[in-house]
Each structure stands twice: as structure tokens, then as C-alpha cells.
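Undergrad: Letter 199 of the sequence shown, counting from 1, is numbered 201 in the numbering used here, and no numbers are missing. Backbone N, C-alpha and C define an ideal beta-carbon position, used for all residues, glycine too. Please read these numbers as outputs of a predicted model, since none were measured by experiment. What follows is a single structure, and I will ask about it in a moment.
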Amino acid sequence: MMSLGASGSIGNAITFSTWKGRPYARELVVPANPKSGLQTGFRSMFRFLSQQWINQSAADQATWDDLADQIVASPFNAFMRHNQRRWRNYKTPTQAYPALEAGTVATLSPSFDADTGVGSVLLSWTISVLADNWGIIIYRSPTGTFTPSLSNAVQIVLCDTAAAFSWLDTPLEVQTWYYNAALITNEGVMGTLEGECEADAT
């Protein structure tokens, strides 16, 4: 403490540092990482969108230029902001601006399914007819007969090819977990729910 250049923390209570060349002390605050339903839903969509921008065609990326100019941001930031705002209103994202809210979701065969795992549940599905599909929203609940919503959307998986897909939901508490899913098009359409399924995390 007998120093003008102290740094670090003492007793998980006080931390020392400098700001603009001036030493200061403040209460040690541990950053929070809240995981409420809404925050989980927003993070799931944010992760999906941030990974997909680079995969969009140059033509689709160019449609975001005007909006980017309006909000004084990059086309990527315009894409993220607009689609997160759509998601806040429980509307699905679009690859091009503005959202046409058109297109046909894929056909699953067999249907969306869940399998038991150790501290996990493996979800699997196969797209037999791609149509205009972009992804699939996965919903999870600790209770059955639940209503899928933004607050229980735990993952959005890219599904833009006719192929077999899977996603491992882990880590999970030991209990029965219930799932549902909805496919989405690349122009902002959400399909009907696939139907609830369940599996145990053991």
C-alpha cells in the first residue's frame, strides 16, 4: 500500500490500477455472466448471425449498404443490428435487406429427434428437401408441453444443405429435457414447430 503505483487486488475486496496516469482504488467487482432465458435467446441468435455474415453472397451483403450509411456503421453491423431487432420482436433474420418474409422451409425426414447422453442430449435431424432453408431454431425446456419462444431458444444451427445434422446440448443437469424446433428461411420466414421430443441427460 505504501506505493504510488500499486496494481492488482487485495483480499477479494479492493483492486488498484491507474487511469490516465493517475493511480486509483475501487471495490473489486467480479463481472457477471447472466444467463436468463432472454439473454440466452439473444446470444444464440447473435452467435449464429456473426458466424453467417461471411458466408453471404456479395449481392446479399451489398443490400445492407444503404442501411449501413443511414446508421453510420459497417454493412456487417447493419446486418447484425437489424436482425437482432427482428429477433427481439420474435421475427427470424434475413440474409438480404429488407426482409421479404418469403420462401419455403425445408422438409425433415425423419423428424427432429433427441437421444440420451451423459450430461448431454444429442439432437438429430435430416433435411430431405432443402427449399429456401437457412437454419433451424432449437428450443429447450425442463418441463414438457412448453411454448417455444425467444426466451427458451438455446441454439440456431445452420442448415442450408440437404443433409443429416446433429447438435450436442451440453453440459446439462441430470433430468429429462424437452425440445422443439422450427426451421427458418433466408428471407425471414419461420416454419411451423416440428413437434416436441424428449431425452434424459444421465
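Is it the case that the Cβ atoms of Gly105 and Asp134 are separated by a distance below 7 Å?
TA: In this structure, Asp134 lies closer than 7 Å to Gly105 by Cβ.
Undergrad: By alpha-carbon positions, which one of Ala60, Asp171, Thr147 and Glu175 ends up nearest to Gly197?
TA: Selected option, being the one with the closest Cα: Thr147.
Undergrad: With contact counted as at least three CB pairs below 8 Å, one residue from each stretch, are the segment 174-187 and the segment 120-127 in contact?
TA: Counting Cβ pairs under 8 Å, three or more are found: they touch.
Undergrad: Counting C-beta neighbours from all protein chains within 10 Å, is the total for Gln53 16 or more, i.e. buried, or is it exposed?
TA: Answer is exposed; the Cβ neighbour count stays below 16.
Undergrad: Taking the continuous beta strand (DSSP E) assigned at Ile73, which residues delimit it?
TA: Ile73 -> not in any beta strand (DSSP E); alpha helix (DSSP H) instead, spanning Asp67 to Ile73.
Undergrad: Would you check if there are 3 or more beta carbon pairs closer than 8 Å linking the segment 64-76 to the segment 112-120?
TA: Contact fails: fewer than three Cβ-Cβ distances are below 8 Å.
Undergrad: Give a yes or no on whether the C-beta atoms belonging to Ser59 and Ile158 are separated by under 7 Å.
TA: Contact: no.
Undergrad: Cα separation between Ile140 and Pro25?
TA: Looking at the two C-alpha atoms, the distance is approximately 48 Å.
Undergrad: Which parts of the segment 92-144 are runs of the beta strand (DSSP E), unbroken and 3 residues or longer, counting only runs that do not cross its ends?
TA: The qualifying runs are 115-119, 122-131 and 135-143.
Undergrad: For Ser143, count neighbouring Cβ atoms within 10 angstroms of its own Cβ and tell me buried if that reaches 16, exposed if not.
TA: Classification of Ser143: buried, given that the 10 Å Cβ count is 16 or more.
Undergrad: Would you kindly check if the distance between the Cβ of Ala183 and the Cβ of Thr128 is under 7 Å?
TA: No, the pair does not count as a contact, with Cβ atoms beyond the cut-off.
Undergrad: Suppose you measure from the CA of Thr42 to the CA of Asp71; what does that come to, to the nearest Å?
TA: For Thr42 and Asp71, the distance between alpha carbons rounds to 30 Å.
Undergrad: Compute the beta-carbon to beta-carbon distance between Leu185 and Ala108, rounded to the nearest angstrom, for a pair I have assumed lies under 8 Å.
TA: The pair is a contact, with the Cβ atoms about 5 Å apart (cut-off 8 Å).
Undergrad: Using C-beta distances below 8 Å, list every residue in its chain close to Trp55, excluding the 5 sequence neighbours before and after it, in chain order.
TA: For Trp55, where only same-chain residues beyond five positions count, the Cβ hits under 8 Å are Gln63, Phe78, Phe81 and Met82.
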